[in-house]
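This is how it looks when you write it as structure tokens:
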């Protein structure tokens with residue numbers, strides 16, 4: 065047989081293999097997409113870069129909320145080799161048992177999720193994924209560990225950005241962050257497990273502005289899950305953008321000063337710049353150091369303590385505590401009386417203690433003096449005239465019309481409704497209207513005499529300290545207010561649009577002068593209830609309030625603005641269960657705040673010392 | 155030898171040119187995959203590309219040395235050369251194991267692998283032996299000696315163990331087939347023991363090697379395909395499973411062969427061609443079915459073992475890690491590839507594909523250059539192989555021809571298995587891609603092999619047959 069022909073067998077075989085391989089390659093590389101997907105799965109990762117949150121500045125440009133870098137000590141179990149438990153425990157200052165425990169905790173606890181269909185909670189722990197072994201280490205802490213980490217393959221440090229509060233103040237304003245929960249993750253694609261979200265205060269209200277824009281980086285990763293380079297030279301990447309900076313109207317020094325004044329007392333101070341509606345200070349006492357609630361480690365340690373604390377440091381009193389306004393409320397009743405024409409500047413009423421109690425003073429012959437003395441019978445009479453205007457013959461029907469009219473005026477002062485301030489947790493207070501009393505007493509079953517407490521700010525009327533301070537701003541502005549707000553400017557864009565609009569009250573500007581004069585007399589004339597607020601170089605207009613409190617000592621209230629001719633600050637001070645009226649504690653506190661704000665320093669050191677020393681906390 | 159003739163007269167520049175192209179492509183691919191930003195210089199000898207550059211220089215130098223030696227020397231000294239490589243194979247068994255195999259001779263990274271060089275010894279001795287055989291008068295001894303020449307080094311290599319080189323040695327069987335070394339005496343001896351049977355010739359015996367290979371190959375393909383299914387557009391709910399794909403392909407292939415042979419053969423032979431093709435189809439299809447259902451009938455643990463060996467287990471992150479990563483790298487190349495130095499799966503740095511600069515060098519190449527690059531590479535290898543066969547066929551001496559075929563088939567094996575394991579067509583056994591993979595021993599032995607061939611070829615006219 066011809067052996068030579070066998071060369072064709074070999075050549076055909078070789079060529080055939082070449083052709084089969086070519087077809088196979090064509091199928092794998094060009095037709096079948098699954099290998100490309102597999103390669104992506106293996107080597108490419110979509111990594112999200114969470115930008116640092118926006119920084120928050122006070123009105124003078126001082127940083128009050130910033131970001132600080134913390135470090136997590138991460139571990140990838142599949143990369144661990146010859147792990148020396150004892151040496152590692154020594155390095156991080158633990159006992160070996162603690163280290164073993166922590167591993168167990170990670171395996172069982174990390175990546176835990178609830179299966180929606182089965183309702184079972186299972187751990188999705190995966191050996192080749194990184195998990196934090198130690199969380200939120202400071203630079204100092206990590207510097208002790210990092211140099212020796214090479215001895216422990218599988219461990220590495222990972223920087224994360226967290227909040228930091230250079231001032232230990234304004235906790236109730238700025239709020240705090242905590243990890244997102246499953247519901248939030250599902251609702252908003254922005255969040256991934258482990259991300260933080262604003263939980264309270266401005267952090268919560270301005271979450272969308274502060275969180276910034278996430279960057280997405282497609283990277284090529286190695287078999288050890290290390291990033292090697294960006295995918296396609298970063299063609300598909302987006303840059304992470306830091307959140308907008310917020311500039312607040314708050315003066316952090318004034319805020320800190322207010323917090324120090326209210327130490328050992330329960331109460332609050334709200335200061336507003338009348339022309340702009342910017343909140344200058346919002347003190348809630350007792351308060352807490354916002355640095356206590358940074359990061360998971362701290363939150364789990366301190367949050368429960370703060371919640372359980374009887375003095376409720378987490379409760380934002382100026383926004384959410386509803387108090388009877390006491391005598392400060394008389395100012396509004398006077399304004400409504402003037403507008404309705406039921407009284408004039410020179411109306412006089414006898415101080416008749418038979419209808420309602422009063423302190424000893426001469427009867428007021430005009431409105432300004434009545435304010436000075438804070439005469440209860442006077443304002444009782446004024447309010448009766450407002451409510452009972454003889455529109456109807458029947459007293460109860462007449463009162464219905466009168467009260468609803470009164471409530472309408474009240475609403476125009478921002479009372480009895482939620483102020484649209486840029487913070488959550490705000491409450492509306494209570495301005496009763498006819499429907500309200502109908503529920504209590506029955507339709508047409510009540511008249512002014514039933515509800516007379518409203519004339520002196522007691523009874524059903526409830527206001528928040530923020531609303532009371534806003535009354536000060538309205539009087540300072542002679543008839544309008546801008547909704548009190550914290551944020552003066554988002555980035556460079558200015559405040560939210562609604563904080564540029566003036567809200568006019570239903571009372572004409574001309575009626576405010578007499579009220580202001582009365583408030584001046586409160587502080588500056590003999591017989592005035594607020595003489596302890598007197599400052600030599602700044603004219604303060606104020607109004608005291610002593611709120612009767614069935615649970616204990618009276619609350620001490622003072623409402624003021626200053627200076628009289630060009631008001632720069634409107635302020636409300638509320639001190640709970642102070643032993644003494646508004647003039648005794650709240651008035652001097654307010655004057656200290658005013659002087660501190662306007663002059664930048666306090667001259668009334670004796671007054672300051674008295675307030676600082678006072679202790680009403682039990 | 156005729157005096158005064160230039161050394162380079164009759165030098166096969168084509169083969170040498172292909173060789174140089176491969177060296178450049180290989181070096182470029184190693185540079186790309188092992189590239190490190192700290193060492194951008196290709197002459198950086200601390201890096202794999204720098205070292206490969208040294209190996210290339212050494213190989214070219216060795217090639218020159220080899221080329222300067224008279225071709226008669228290889229004929230005369232083939233037995234000492236063979237024995238020398240055998241001794242090296244024995245010595246290496248007493249060396250410390252590296253990665254579980256006693257394959258390295260030498261110190262550290264600068265060692266050599268005797269198994270690579272033993273191929274040269276075996277090729278020369280086989281050529282010498284066959285050139286002295288009268289093909290028409292073969293005895294059992296002829297078959298036994300020819301097989302022993304390759305079996306002795308194979309056993310020593312299996313002791314290392316080095317499965318890849320072991321398999322490569324079976325390439326000599328093709329050479330023996332080409333030269334007409336027949337297994338017929340063996341087969342006849344077996345068959346004629348049956349009383350009443352007295353054959354003088356069997357078709358099976360003389361074509362034993364290709365038949366054996368066809369059936370081994372078919373078995374492998376059947377096992378690899380047995381779990382795959384394809385769903386056609388026109389029959390969306392009836393997936394076609396592996397065995398039927400194979401039978402269908404065999405039928406198509408049979409038809410193709412039939413028409414080609416029909417076209418080539420004389421009129422009176424046409425019926426015979428049809429019968430032969432039909433019998434061939436029935437036998438191969440039947441064998442596939444037997445393997446397929448036989449495999450499915452195996453016990454679970456036996457099946458596991460075979461699947462593991464074939465890399466069939468669905469365990470992309472475990473047993474099947476290498477193959478899966480390699481195929482992902484190749485498959486993600488697309489039509490035009492990801493671009494030079496842009497291999498994201500198979501670069502050494504990303505380390506998803508192990509040994510991506512040695513055994514799996516085809517991965518970064520295919521990933522970077524895509525289908526177009528892969529086709530060019532395959533075409534180049536086919537060109538190399540066919541060129542060597544052309545050279546083989548123009549030799550006057552049997553020694554030269556056998557040697558040339560040995561070289562061709564060794565290169566073919568390396569090419570087919572190496573690329574095959576990158577595309578899921580061959581089990582993962584580590585053997586290098588000739589002239590492409592990083593590594594001194596393989597490059598040097600391949601180069602020496604090639605330059606001996608070039609030398610033999612350049613002096614082919616000096617021999618009077």
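Residue numbers (this note's numbering), protein chains in the order written: chain R, 65 to 682; chain Y, 155 to 619.
Think of the CB as a built atom: it goes at the ideal place given N, C-alpha and C, for glycine as much as any other residue.
This one's a predicted model, so the numbers in the text were calculated from it and none came from an experiment.
Using a Cβ-Cβ cut-off of 7 Å, residue 90(R) is close to 525 of chain Y, given in chain order.
The contact set of residue 577(Y) on chain R, defined by CB atoms closer than 8 Å, consists of 85, 88, 89, 92 in chain order.
Here residue 541(R) is buried: its Cβ has 16 or more other Cβ atoms, across all protein chains shown, within 10 Å.
The Cβ-Cβ distance between residue 645(R) and residue 608(R) falls below 8 Å.
Neighbours of residue 279(R) in chain Y, taken as residues at a C-beta separation under 7 Å, are lacking, since the least C-beta distance is about 20 Å. Two segments are said to touch when three or more pairs of C-beta atoms, one from each, lie closer than 8 Å; by this definition the stretch 413 to 427 of chain Y does not touch the stretch 437 to 446 of chain Y.
Between residue 335(R) and residue 310(R), the CB-CB gap reaches or exceeds 8 Å. In the DSSP assignment, the residues bridged to residue 611(R) are 619(R). Sorting 115(R), 142(R), 237(R), 668(R) by C-alpha distance to the C-alpha of residue 304(R) places 115(R) at the top. At a cut-off of 8 Å between C-beta atoms, residue 570(Y) counts as an interface residue with respect to chain R. The beta carbon of residue 498(Y) sits closer than 8 Å to some beta carbon of chain R. Collapsing the DSSP output to three states places residue 567(R) in a strand. By the criterion of a C-beta distance shorter than 8 Å, residue 176(Y) is surrounded in its chain by 534, 538, 588, 589, 590, once the five residues flanking it on both sides are discounted. Contact between the stretch 273 to 293 of chain Y and the stretch 317 to 336 of chain Y is present: 3 or more CB-CB pairs across the two stretches fall below 8 Å. When rounded, the separation of the alpha-carbon atoms in residue 408(R) and residue 668(R) is 37 Å. A contact is defined here as three or more CB-CB pairs under 8 Å, and the stretch 391 to 406 of chain R meets this definition with respect to the stretch 426 to 439 of chain R. 8 Å or more divides the Cβ of residue 260(Y) from the Cβ of residue 602(Y).
Closest by C-alpha distance to residue 265(R), out of 233(R), 281(R), 259(R), 276(R), is 233(R). If you look at residue 536(R), you'll find it in the alpha helix (DSSP H) that goes 529 to 541. Here residue 282(Y) carries a helix assignment [DSSP, helix/strand/coil]. If you check each beta-carbon in the stretch 317 to 348 of chain Y against every beta-carbon of chain R, the ones closer than 8 Å belong to 328, 331, 332, 333, 334. Look at residue 502(Y) here: in three-state DSSP terms it is coil, with no helix or strand label. With a beta-carbon spacing of about 11 Å, residue 520(Y) and residue 99(R) fall beyond the 8 Å limit used to define contacts. Distance from the Cα of residue 493(R) is smallest, within the candidate group 508(R), 486(R), 503(R), 477(R), for 477(R). Closer than 8 Å to the CB of residue 566(Y) there is at least one CB belonging to chain R. Assignment of residue 93(R) by DSSP, reduced to helix, strand and coil, places it in the helix class.
Residue pairing of residue 545(R) in beta bridges, as defined by DSSP: 567(R). Nearest to residue 676(R) by C-alpha distance, out of 322(R), 369(R), 259(R), 276(R), is 322(R). In this structure residue 92(R) is in contact with residue 577(Y), their Cβ atoms being roughly 6 Å apart against a cut-off of 8 Å. Interface residue (Cβ-Cβ distance to chain Y less than 8 Å): residue 235(R) is not classified as such. Counting the other Cβ atoms within 10 Å of the Cβ of residue 572(Y) gives 16 or more, which makes it buried. Here residue 526(R) carries a strand assignment [DSSP, helix/strand/coil]. The three-state reading of DSSP puts residue 512(R) in helix, counting H, G and I together. Boundaries for residue 580(Y): no alpha helix (DSSP H) harbours it, and the DSSP string shows neither H nor E there. Nearest CB-CB separation between residue 488(Y) and chain R: below the 8 Å threshold. Using a C-beta cut-off of 8 Å, the stretch 266 to 285 of chain Y makes no contact with the stretch 345 to 364 of chain Y, since fewer than three inter-stretch Cβ pairs fall below that distance.
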